[in-house]
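To start, the structure itself, in structure tokens.
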Amino acid sequence: QKEVEQDPGPLSVPEGAIVSLNCTYSNSAFQYFMWYRQYSRKGPELLMYTYSSGNKEDGRFTAQVDKSSKYISLFIRDSQPSDSATYLCAMSGNFNKFYFGSGTKLNVKP
Amino acid sequence: DTAVSQTPKYLVTQMGNDKSIKCEQNLGHDTMYWYKQDSKKFLKIMFSYNNKELIINETVPNRFSPKSPDKAHLNLHINSLELGDSAVYFCASSPLAGREQYFGPGTRLTVT
């Protein structure tokens, strides 16, 4: 079993839709959770960073962590064509090693 | 100002050659990483250095040797390149071990 599972998609939505991206994980020691956006042929760009459970909002982006279910989500409101990219979740615990999901490819159609 | 930079951006070379990739960060971070991203976009950690000290060394062939001359630089040297080494290599840094990471633009390595 992989440490982090993420649906690869692709996920195709119309412009303006609310997008929900998710990851599940197996290691209860994880407590730092991140979402990255990666455009084609570019490096991953940090979008959201949360510690432990709860919600965090930044503009159109909301990150949720449910440690009891070992489930994290990223919501994108009012999605734009410029949001079309691959979204990677990542997590770590009380150690230096990060575990990444395989990424979900999102396509927002104008 | 580029926070995490890598050179070269593209590298095309033949099997058996030796090559190096350089990484520099100007964020003042203590921890730096090398990742390999395969064709399916999966990011796999290779090495991590904290303040010039190697703290993560994953199951990577010993043809790969990282070197950190100071905490702002982390280089990756690869000996005897093989076809399977073709991938995008990303350098990243974080303020503290285990915290959020900031990635460089990547080096696309193609071994022919």
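Protein sequence lines, in the order shown, are assigned to chains A and B. Here the first sequence is numbered in the numbering used here, starting from 1 and rising by one per residue. Here the second sequence is numbered in the numbering used here, starting from 1 and rising by one per residue. Think of the CB as a built atom: it goes at the ideal place given N, C-alpha and C, for glycine as much as any other residue.
Give me the DSSP bridge partner(s) of ALA63 of chain A. Here the question's residue 63 of chain A lines up with position 63 in the first sequence. The partner list for ALA63 of chain A (beta bridge, DSSP) reads A:LYS56, A:LEU74.
Return the chain-ordered ranges of every alpha helix (DSSP H) run that is complete within the stretch 62-88 of chain B and spans a minimum of 4 residues. Complete alpha helix (DSSP H) runs here, min 4: none at all.
Establish whether the CB of TYR25 of chain A and some CB of chain B are separated by less than 8 Å. Counted from its first residue, the first sequence places residue 25 of chain A at position 25. For TYR25 of chain A, not one C-beta of chain B is nearer than 8 Å to its own C-beta.
Does the beta carbon of GLY104 of chain B come closer than 8 Å to any beta carbon on chain A? On the second sequence, residue 104 of chain B is found 104 positions in, with the first residue counted as 1. Interface residue, yes.
Just to check my reading of the structure: LEU76 of chain B and SER20 of chain B have Cβ atoms closer than 8 Å, yes? What is that Cβ distance to the nearest angstrom? Taking the second sequence and counting its residues from 1, the one referred to as residue 76 of chain B is at position 76. Taking the second sequence and counting its residues from 1, the one referred to as residue 20 of chain B is at position 20. Contact flag correct, Cβ pair sits at about 7 Å.
Can you give me, in chain order, the residues of the stretch 46-59 of chain B that have a beta carbon less than 8 Å from any beta carbon in chain A? Listed in sequence order: SER48, ASN50, ILE55, ILE56.
Can you grab the Cα-Cα spacing for the pair ASP70 of chain B / ASP38 of chain B, in whole Å? By 1-based counting over the second sequence, the position of residue 70 of chain B is 70. By 1-based counting over the second sequence, the position of residue 38 of chain B is 38. Between the alpha carbons of ASP70 of chain B and ASP38 of chain B lies a gap of roughly 28 Å.
At a Cβ threshold of 8 Å, is LYS67 of chain A touching chain B? Within the first sequence, residue 67 of chain A is the residue found at index 67, counting from 1. Nearest CB-CB separation between LYS67 of chain A and chain B: not below the 8 Å threshold.
So if DSSP puts ARG108 of chain B in a beta bridge, which residue, or which two residues, is it bridged to? Taking the first residue of the second sequence as position 1, residue 108 of chain B is located at position 108. Under DSSP, ARG108 of chain B takes part in a beta bridge, and its partners are B:TYR10, B:VAL88.
With the cut-off set at 8 Å, would you say VAL4 of chain A and VAL13 of chain A are in Cβ contact? The sequence position of residue 4 of chain A within the first sequence is 4, counting from 1. The sequence position of residue 13 of chain A within the first sequence is 13, counting from 1. Taking 8 Å as the Cβ cut-off, VAL4 of chain A and VAL13 of chain A do not qualify as a contacting pair.
Among the residues of its own chain, which have a CB less than 7 Å from the CB of ASN50 of chain B, if the five just before and after it don't count? Along the second sequence, read from residue 1 onward, the residue named residue 50 of chain B stands at position 50. Answer for ASN50 of chain B: ASP30, THR31, ALA97, listed in chain order.
Quick one: grab the DSSP three-state call for PRO81 of chain A. Within the first sequence, the letter at position 81 stands for residue 81 of chain A. In this structure, DSSP gives PRO81 of chain A a helical state, which the three-state scheme calls helix.
Status (buried if at least 16 other CB within 10 Å, exposed otherwise) for MET15 of chain B: Taking the second sequence and counting its residues from 1, one reaches residue 15 of chain B at position 15. Burial call: exposed.
Excluding five sequence neighbours on each side, which residues of the same chain lie with their C-beta closer than 8 Å to the C-beta of GLN38 of chain A? In the first sequence, the residue the question calls residue 38 of chain A occupies position 38. Within the same chain, GLN38 of chain A has close Cβ partners PRO44, GLU45, ALA85, THR86, TYR87, LEU88, GLY103.
For SER93 of chain B, tell me which candidate among B:SER80, B:ALA87, B:PRO105 has the shortest Cα-Cα distance. Here residue 93 of chain B refers to the residue found at position 93 of the second sequence. Closest in alpha carbon position to SER93 of chain B, among B:SER80, B:ALA87, B:PRO105, is B:PRO105.
Any idea if LEU21 of chain A is buried or exposed, counting beta-carbon neighbours within 10 angstroms, 16 or more meaning buried? Within the first sequence, numbered from 1, the residue matching residue 21 of chain A stands at position 21. Counting the other Cβ atoms within 10 Å of the Cβ of LEU21 of chain A gives 16 or more, which makes it buried.
Using 8 Å as the threshold, is the C-beta distance between TYR133 of chain A and GLU100 of chain B below it? The structure shown does not extend to residue 133 of chain A, since chain A spans only 1 to 110, so no value can be given for it.
Here's a check: name, in chain order, each residue in its chain whose Cβ is nearer than 7 Å to the Cβ of GLN6 of chain A, leaving out the five neighbours to either side. For the purposes of this step, residue 6 of chain A is taken as the residue at position 6 of the first sequence. By the criterion of a C-beta distance shorter than 7 Å, GLN6 of chain A is surrounded in its chain by CYS23, CYS89, GLY101, SER102, GLY103, THR104, once the five residues flanking it on both sides are discounted.
Do we get a CB-CB distance below 8 Å when we pair TYR87 of chain A with the residues of chain B? By one-based count along the first sequence, residue 87 of chain A stands at place 87. Judged by the 8 Å Cβ criterion, TYR87 of chain A is not in contact with chain B.
Compile a chain-ordered list of the residues in the stretch 89-109 of chain A whose CB is closer than 9 Å to at least one CB of chain B. Flagged, chain order: ALA90, SER92, GLY93, ASN94, PHE95, ASN96, LYS97, PHE98, TYR99, PHE100, GLY101, SER102, GLY103, LYS105.
Less than 8 Å separating the beta-carbons of TYR102 of chain B and TRP34 of chain B? Within the second sequence, numbered from 1, the residue matching residue 102 of chain B stands at position 102. Within the second sequence, numbered from 1, the residue matching residue 34 of chain B stands at position 34. Inclusion of TYR102 of chain B and TRP34 of chain B in the CB contact set at 8 Å is not warranted, their separation being larger than that value.
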